[in-house]
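Read through the structure below, which is laid out as structure tokens, and then see the notes.
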Amino acid sequence: MSGATQVLVTSEQIPAPSRRGESLRDVASYIRRNPSLGVGIVLLLALLLFVVIGHLTVDTTEFRPLSARPLQPPSRDLPFGTDKQGRNLYAVMVEGTPLTLRIGLLAGVIGVALGAALAFIAGYYGGWIDNVIRVIVDVGLTIPGLLILIIIGMRVRGGLTVDQMALVVGLLAWLYPARTIRSQVLTIKQRGYVQVARLSGMSNPEVIVKELLPNLLPYLGASLVVSVSAAILASIGLEVLGLGPFEAPTLGMTIYWVNYNAAIINGWWWWWVPPIIVIGVLFIGLFLVAVGLDEIANPRVRNRV
Amino acid sequence: MQPSYVAKRIGMFFLIVWLAATINFFLPRLGGQDPIREKLISQAALGGNVQAGLEEMIKIYNEKFGLNTPLWQQYLNYLGDMSRLDFNYSISNYPQKVIDIIAWAMPWTIGLLLTTTLFSWVVGNLLGAFLAWPRAPKWLAFLMPPLLSLSAIPFFLLGLVLIYLFAFHWRIFPLFGGYTPGTFPSMSVRFFKDALYHSVLPALSIILVSLGGWAMGMRAMMITTQGEDFVTYADAKGLKGRTIFLHYAIRNALLPQATALALTLGQLVSGAVLVEVVFSYPGIGNVLYEGIRSGDFYVVQGIIFIVIVSIGLATLILDLIYPLLDPRITYRRA
Chain A
125 MSGATQVLVT SEQIPAPSRR GESLRDVASY IRRNPSLGVG IVLLLALLLF
175 VVIGHLTVDT TEFRPLSARP LQPPSRDLPF GTDKQGRNLY AVMVEGTPLT
225 LRIGLLAGVI GVALGAALAF IAGYYGGWID NVIRVIVDVG LTIPGLLILI
275 IIGMRVRGGL TVDQMALVVG LLAWLYPART IRSQVLTIKQ RGYVQVARLS
325 GMSNPEVIVK ELLPNLLPYL GASLVVSVSA AILASIGLEV LGLGPFEAPT
375 LGMTIYWVNY NAAIINGWWW WWVPPIIVIG VLFIGLFLVA VGLDEIANPR
425 VRNRV
Chain B
1082 MQPSYVAKRI GMFFLIVWLA ATINFFLPRL GGQDPIREKL ISQAALGGNV
1132 QAGLEEMIKI YNEKFGLNTP LWQQYLNYLG DMSRLDFNYS ISNYPQKVID
1182 IIAWAMPWTI GLLLTTTLFS WVVGNLLGAF LAWPRAPKWL AFLMPPLLSL
1232 SAIPFFLLGL VLIYLFAFHW RIFPLFGGYT PGTFPSMSVR FFKDALYHSV
1282 LPALSIILVS LGGWAMGMRA MMITTQGEDF VTYADAKGLK GRTIFLHYAI
1332 RNALLPQATA LALTLGQLVS GAVLVEVVFS YPGIGNVLYE GIRSGDFYVV
1382 QGIIFIVIVS IGLATLILDL IYPLLDPRIT YRRA
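What follows is the structure in structure tokens.
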């Protein structure tokens, strides 16, 4: 271990007494300086709260068609009304929001894990492997992922489940993280502590895991949030085009049915207002969290909203 | 411009085209389905009992569409067809060729995308530049939070809200389509006005969402650029604020924004496809949606190929313009 890291460790241990109260106050004062992170977290927590309260107050199996009389406007029994096929739209929202989040999280984690692995290899080792990965990423990013997903989606039509969809979206989600994380690896590997670690006899995989990875964690976090958001966007896009899981009440499938039945032109406002609000809150929340995490990852870029 | 830079970009373009064709050929065949058989069986089911001679018909159609030859030969034929932009016949509208359907829809999409992208890029960058400029009016800052929130949501989501507000509720703009039903597209001023009127809402849903992103990126770039020594020097030299703003700060901050434009083309196109679906706008996106709905394989493949090639071409053009914007790139080994 280098001298610099030891100094860091000891200086972190100084404010030992009354740590709990102070760290809470620290978080509060930090959020005041970084309001986008705070607002974003509050928006996402609000969605979570909606899902939890929903699960306690409605029978979620009513997301299926023929659960209630079709096309009922909101009332006391059916707070969000019903759609043309007789789904209880409150149950659809409560059941569908976590499903869409699940697609986003699964695909986002797959994307960032794959992308980070390739980025560390490409950025740290360099040479021909870097060139190969870079060309693949450059070409891949030029091609809109949605189009590739459409070809795949058309072939497994009707059979695509929520988890399969997450997997398919995730397999294309690594390109963007791979590019951005690689450029971070390139700058960080020139830093003194990495050179010291290498000179003191650490093996290459050890340097990546013990020196590069911990220092890039805030950056990886920001990139995970961006990937989750992109994956949700891709999944909703596929669903709106009619290539989603028809049995599942995800947010995108709800928009598909809205569009399919021309709910807006027919004046069935209760059908499309909730999914639009939930999708809007979800994307704005994720965006604000990403901006906030970016501020932590590179404080020099003050991108404050 | 260095020849190696140009050669590399052109090579990249052909790599993208080849990859688009190859993906288009192999991915659908992984499922091992038989589009001709599926289509004929579903047509037979629709039209009652005409099962007699179905196998014979499948054989004839497979021969007609060239699906009875070995895979490598089909692949080579396919590459040859693609290079001549021959995407075969549409399966669900048989006598019509896919390329004709695409050629009909393409001007709508290009018109919509080109104008909205250019407009939001120029206005967004100006807005971002003004936001970072100390002498800019203060009210501009209040525009940012709503624009940034909008920039986080998908195009088509705003499109749905706009349809409700402006077309259904206030009845200012038409509900759907690219021109009034019953009229025929022609090169007359009247038709052009009608088409423009129909394109306001789809265009607005792309522009309003795109503005915030460009403005935020430009603002960050301007703040960095204004801290550079050459701006301090220009200020110390006594140059006018306007000159520094236009020729020193904006000129340099624009470069990364031009790169970012090339990188976001793909996302823009995917977003526009969904906007067209929501508005039933007669462009590529809507044809793609209809193709997916009716299982028209050749139409979907043809559109995907054309779209990827167009994006590759647009990226190539931007890449070739870039050295003109940034003289440093001429000296750097690409």
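Line by line, the protein sequences give chains A and B.
Under this note's numbering, the first residue of the first sequence carries the number 125, and numbering increases by one thereafter.
Under this note's numbering, the first residue of the second sequence carries the number 1082, and numbering increases by one thereafter.
Each residue gets a CB set at the ideal place from its N, CA and C atoms; glycine is no exception.
9 Å Cβ cutoff, residue i in contact with chain D
i       : result
B/V1242 : In summary, chain D is missing from the structure at hand, where the protein chains are A and B.
C-beta atoms of residue i and residue j nearer than 9 Å
i       : j       : result
A/L365  : B/L1369 : yes
B/F1257 : B/I1244 : yes
B/A1296 : B/G1352 : no
B/F1249 : A/I403  : no
B/Y1156 : B/F1223 : no
B/G1293 : B/L1346 : no
B/L1152 : B/R1118 : no
A/A290  : A/S353  : no
B/L1193 : B/L1231 : no
A/V218  : A/F244  : no
A/R193  : A/T206  : yes
B/L1344 : B/T1198 : no
B/V1354 : A/M278  : no
A/L284  : A/L367  : yes
A/L340  : A/I305  : yes
A/G210  : A/L223  : no
A/L412  : A/T221  : no
Residue i versus residue j - alpha carbon distance
i       : j       : result
B/G1364 : B/E1371 : 11 Å
B/F1094 : B/I1180 : 21 Å
B/L1397 : B/Y1403 : 10 Å
A/P373  : B/L1277 : 37 Å
A/A140  : A/L417  : Because A/A140 sits at a pLDDT of 47, beneath the cut-off of 50, its placement in the model cannot be relied upon, and the following sentence gives the value as read from the coordinates. Between A/A140 and A/L417, the C-alpha separation is close to 26 Å.
B/R1413 : B/D1400 : Caution is warranted here: a pLDDT of 48 is assigned to B/R1413, below 50, making its placement in the model unreliable, and the coordinate value is therefore given only provisionally. Rounded to the nearest angstrom, the two C-alpha atoms are 14 Å apart.
B/S1201 : A/I267  : 22 Å
A/L161  : B/Q1154 : 56 Å
A/V292  : A/L225  : 15 Å
A/L299  : B/N1169 : 32 Å
B/F1211 : B/V1203 : 12 Å
A/W396  : A/I420  : 36 Å
A/L213  : A/V182  : 11 Å
B/S1173 : A/E371  : 26 Å
A/L348  : A/A215  : 29 Å
A/I400  : B/I1287 : 17 Å
A/P301  : B/A1101 : 22 Å
B/A1217 : B/I1304 : 14 Å
B/L1241 : A/G409  : 20 Å
B/N1367 : A/H179  : 37 Å
B/R1090 : B/D1407 : 16 Å
B/A1395 : A/V382  : 34 Å
B/G1259 : A/A231  : 36 Å
A/G361  : A/G376  : 7 Å
B/Y1379 : B/S1267 : 28 Å
A/P198  : A/W394  : 7 Å
A/I274  : A/I356  : 15 Å
A/R428  : B/V1356 : The predicted model places A/R428 with a pLDDT of 42, which falls under 50 and marks its position as unreliable; any figure quoted below should be read in that light. Their Cα atoms are separated by approximately 30 Å.
A/P166  : A/G345  : Reading off the sequence shown, one finds Val at residue 166 of chain A, where the question assumed Pro. Between A/V166 and A/G345, the C-alpha separation is close to 18 Å.
A/G127  : A/G164  : Its pLDDT being 40, under 50, A/G127 is placed unreliably in this model, and the value from its coordinates should be taken loosely. Spanning the two alpha carbons is a distance of roughly 38 Å.
heavy atom of the ligand ADP below 8 Å from residue i C-beta
i      : result
A/S160 : The model depicted lacks the ligand ADP and carries no ligand whatsoever.
Residue i: first and last residue of the uninterrupted alpha helix (DSSP H) it sits in
i       : result
B/T1345 : R1332 to F1360
A/R226  : L213 to F244
B/M1268 : No alpha helix (DSSP H) contains B/M1268, which DSSP labels as neither H nor E.
A/M326  : Run containing A/M326: none; DSSP gives neither H nor E here.
B/H1250 : Looking at the DSSP string, B/H1250 is not in any alpha helix (DSSP H), and its letter there is neither H nor E.
B/V1390 : F1378 to L1406
B/K1089 : P1084 to R1110
A/D254  : G251 to T266
A/T206  : No alpha helix (DSSP H) contains A/T206, which DSSP labels as neither H nor E.
A/Q308  : L299 to I312
A/D201  : It is not in any alpha helix (DSSP H) - A/D201 carries neither H nor E in the DSSP assignment.
B/I1180 : V1179 to A1213
Ignoring anything shorter than 4 residues, give me the alpha helix (DSSP H) runs that lie fully in the region 1131-1167 of chain B, in order along the chain. 1135-1145 and 1152-1164
Taking any Cβ of chain B, which residues in the region 357-372 of chain A have a Cβ under 9 Å from it, in chain order? L357, A358, I360, G361, V364, L365, G366 and L367
Given a limit of 9 Å on CB to CB distance, which residues of the region 263-285 of chain A reach chain B? V263, G264, L265, T266, I267, P268, G269, L270, L271, I272, I274, I275, I276, G277, M278, R279, V280 and R281
Scan the region 401-418 of chain A for residues whose Cβ lies nearer than 7 Å to a Cβ of chain B and list them as they occur along the chain. I403, G404, F407, I408 and F411
According to a CB-to-CB cut-off of less than 8 Å, which residues of the region 372-383 of chain A neighbour chain B? I379, V382 and N383
Interface residues of the region 1250-1279 of chain B facing chain A [CB-CB below 9 Å]: L1256 and F1257
Given a limit of 8 Å on CB to CB distance, which residues of the region 1090-1119 of chain B reach chain A? M1093, L1096, I1097, L1100, A1101, I1104, N1105, L1108, P1109, L1111, G1112 and Q1114
Please identify, using Cβ separations under 8 Å, the residues of the region 1219-1244 of chain B that lie next to chain A, in order along the chain. M1225, P1226, L1229, S1230, S1232, A1233, I1234, P1235, F1237, L1238, L1241, V1242 and I1244
Given a limit of 9 Å on CB to CB distance, which residues of the region 1155-1170 of chain B reach chain A? none
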